Amino acid sequence: MKKIKFILVGGFLGAGKTTALCRLARYFTDKGLRVGLITNDQANNLVDTHAVKIEGFNVEEIPGGCFCCKFNDLIKAADKLIAKVQPDLILAEPVGSCTDLVATVIKPLKLYHKDNFSIAPYTTLLDPRRAKEIIVSGKFGGFSGNVAYIFKKQLEESDIIALNKIDTLKPAQSHNLLSLLKKKFPNSKIIGISCLTGKGFSRWIKAAGAEKSGSNILDLDYDIYAKGEAELGWLNSVAELCAKAPFSTEEFLKTLTLRIKGSLNKIPAEIAHLKLALSTGLGNSLIHLTRSSQGLEFFKKESGKSIKARLIVNARVHVDPEALRGIFIDVLNKLCKEEGVGFRIRSQQYFRPGRPVPVYRIT
Ligand SMILES: Nc1nc2c(ncn2[C@@H]2O[C@H](COP(=O)(O)OP(=O)(O)O)[C@@H](O)[C@H]2O)c(=O)[nH]1
Ligand SMILES: [Mg+2]
Numbered sequence: 068m069k070k071i072k073f074i075l076v077g078g079f080l081g082a083g084k085t086t087a088l089c090r091l092a093r094y095f096t097d098k099g100l101r102v103g104l105i106t107n108d109q110a111n112n113l114v115d116t117h118a119v120k121i122e123g124f125n126v127e128e129i130p131g132g133c134f135c136c137k138f139n140d141l142i143k144a145a146d147k148l149i150a151k152v153q154p155d156l157i158l159a160e161p162v163g164s165c166t167d168l169v170a171t172v173i174k175p176l177k178l179y180h181k182d183n184f185s186i187a188p189y190t191t192l193l194d195p196r197r198a199k200e201i202i203v204s205g206k207f208g209g210f211s212g213n214v215a216y217i218f219k220k221q222l223e224e225s226d227i228i229a230l231n232k233i234d235t236l237k238p239a240q241s242h243n244l245l246s247l248l249k250k251k252f253p254n255s256k257i258i259g260i261s262c263l264t265g266k267g268f269s270r271w272i273k274a275a276g277a278e279k280s281g282s283n284i285l286d287l288d289y290d291i292y293a294k295g296e297a298e299l300g301w302l303n304s305v306a307e308l309c310a311k312a313p314f315s316t317e318e319f320l321k322t323l324t325l326r327i328k329g330s331l332n333k334i335p336a337e338i339a340h341l342k343l344a345l346s347t348g349l350g351n352s353l354i355h356l357t358r359s360s361q362g363l364e365f366f367k368k369e370s371g372k373s374i375k376a377r378l379i380v381n382a383r384v385h386v387d388p389e390a391l392r393g394i395f396i397d398v399l400n401k402l403c404k405e406e407g408v409g410f411r412i413r414s415q416q417y418f419r420p421g422r423p424v425p426v427y428r429i430t
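Per our numbering, the sequence shown runs over residues 68 to 430.
1) Should N213 and I291 be called a contact, given that it needs their Cβ atoms to be closer than 8 Å?
2) Would the beta-carbon of C135 be found less than 7 Å away from any heavy atom of ligand 1?
3) Could you tell me whether the Cβ atoms of D226 and S282 are closer together than 8 Å?
4) Do L323 and L343 have their beta-carbon atoms positioned less than 8 Å apart in this structure?
5) Under three-state DSSP, which class holds K151?
6) Evaluate K219 with the Cβ neighbour count: other Cβ atoms within 10 Å of its Cβ, from every protein chain shown; 16 or more gives buried, anything less gives exposed.
7) Evaluate contact between the stretch 416-429 and the stretch 383-394, counting only Cβ atoms and requiring at least three cross-stretch pairs below 8 Å.
8) Among G208, F73, K375 and I173, which one has its Cα closest to the Cα of S185?
9) At a cut-off of 7 Å, would you count K84 as near ligand 2, judging by its Cβ distance to the nearest heavy atom?
10) Are the beta-carbon atoms of L308 and L378 separated by less than 8 Å?
11) Of the choices L141, S204, G132 and A198, whose alpha-carbon is the least far from that of Y179?
12) For N351, does the three-state DSSP call read helix, strand or coil?
13) Kindly confirm or deny that the stretch 129-138 and the stretch 160-180 touch, where touching means at least three C-beta pairs closer than 8 Å.
14) Tell me the residue span of the beta strand (DSSP E) that contains K256.
15) Excluding five sequence neighbours on each side, which residues of the same chain lie with their C-beta closer than 7 Å to the C-beta of A277?
16) Measuring straight from C-alpha to C-alpha, what distance separates S241 and P195?
17) Please give the ranges of any alpha helix (DSSP H) in the stretch 277-328, keeping only runs that are unbroken, at least 4 residues long and fully inside the region.
18) I need the straight-line Cα distance from A293 to V162, nearest angstrom please.
19) Would the beta-carbon of G103 fall within 8 Å of that of N125?
20) Is the distance from the Cβ of R93 to the Cβ of Q153 below 8 Å?
21) Check whether the Cβ atoms of S414 and N112 sit closer than 8 Å, and answer yes or no.
22) Considering only heavy atoms of ligand 1, does any lie closer than 7 Å to the CB of K232?
23) Relative to the C-alpha of T85, which candidate in G393, F410, T357 and S373 has its C-alpha closest?
24) Which residues does DSSP list as the beta-bridge partners of Y417?
25) Along the chain, where does the beta strand (DSSP E) that runs through R377 open and close?
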């Protein structure tokens, strides 16, 4: 049996993993190959899975814990994709606050599943602004030292560090940042890419085709790692919206996101990734915020009016999850009253991620 290429694309929250997976999936699909995707989160109801589905790809979701702690679920998800689509490639995105993926996912895949999968070099995506704040300046980028520790470890264990979003940099800026990364991470291949424009993708795909993978095993302090993860408040929520008169869903989503951001900035609490999706019979709108000092980014925009909509919110913020939930409900309540929209929460999970307990750790 021909082995399935397994490509794991990691990186901190908001670095561009889901965008990368969609672009890679499109690239391979256009070449006539069959692709399956796997998304992962600490909780249910993922904006990422929704985003990938509306792009038309086959996806399996692993909620309720990271790949390392749910390794057997990762294999089950891969098996489901194999049964459903017989993929030539599987593309998987781990939780953005996770690290030690080489020892806990890449190595176990190589050791126990080598007959089924050929494991690509492990890529970590890097957002240039976070790189400047944490790697260049040596500070914490609005987070704590524990979160910055995870951020750096994610890069240290990579076979490939892909500096993403280079479309937002001037050529000299990206050149300087890439040179610095080469010095700081001599054991990784460093490349510049844009998941938005596709720049650098052919180099990345070539590098990801190499045989050797999982070369950099981390020396990791699990106490600091666990503390860092637990400092991030998580909220995944789904709400049904219903109004008597049609309301502008895009405006609603924009205002809701800006008000959540405004309330978090007052604390202040650094946003790692705030994602909101609104679906109606007409289509989907999807907004991202990947830092507190940033404008809104639309992944999908469906302007139009509707009387019914389904809202999914995934927030990862450096704040107490109770406070995060309180802000979300408060802002939603006020906005719904102003717009004459009723809402019902269908599902809500808010928590600090628990200590990672990997199924395997192969060093
Ligand atoms: N300008 C720019 N934005 C990007 C790029 N890649 C991803 N993004 C944006 O970054 C945000 C977070 O992307 P996402 O793929 O959800 O990140 P993830 O949390 O790592 O999965 C979204 O608004 C994307 O549109 C890129 O290459 N350039
Ligand atoms: Mg994602």
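All residues carry an ideal CB built from backbone N, CA and C; glycine is no exception. Since this is a predicted model, take the numbers as computed values, not measurements.
Based on what the coordinates show:
1) yes
2) no
3) yes
4) Result yes, Cβ atoms of L343 and L323 sit closer than 8 Å.
5) helix
6) exposed
7) Output reads yes: the stretch 383-394 touches the stretch 416-429.
8) Closest in alpha carbon position to S185, among G208, F73, K375 and I173, is F73.
9) Checking every heavy atom of ligand 2 against the Cβ of K84, one is found closer than 7 Å.
10) Contact flag set, yes.
11) L141
12) DSSP places N351 in strand when its eight states are reduced to three.
13) yes
14) DSSP places K256 inside the beta strand (DSSP E), whose first and last residues are K256 to G259.
15) P188
16) 8 Å
17) 289-297
18) Using only the alpha carbons, I get a separation of about 14 Å.
19) yes
20) no
21) yes
22) yes
23) T357
24) L302
25) Unbroken beta strand (DSSP E) run through R377: K372 to V384.
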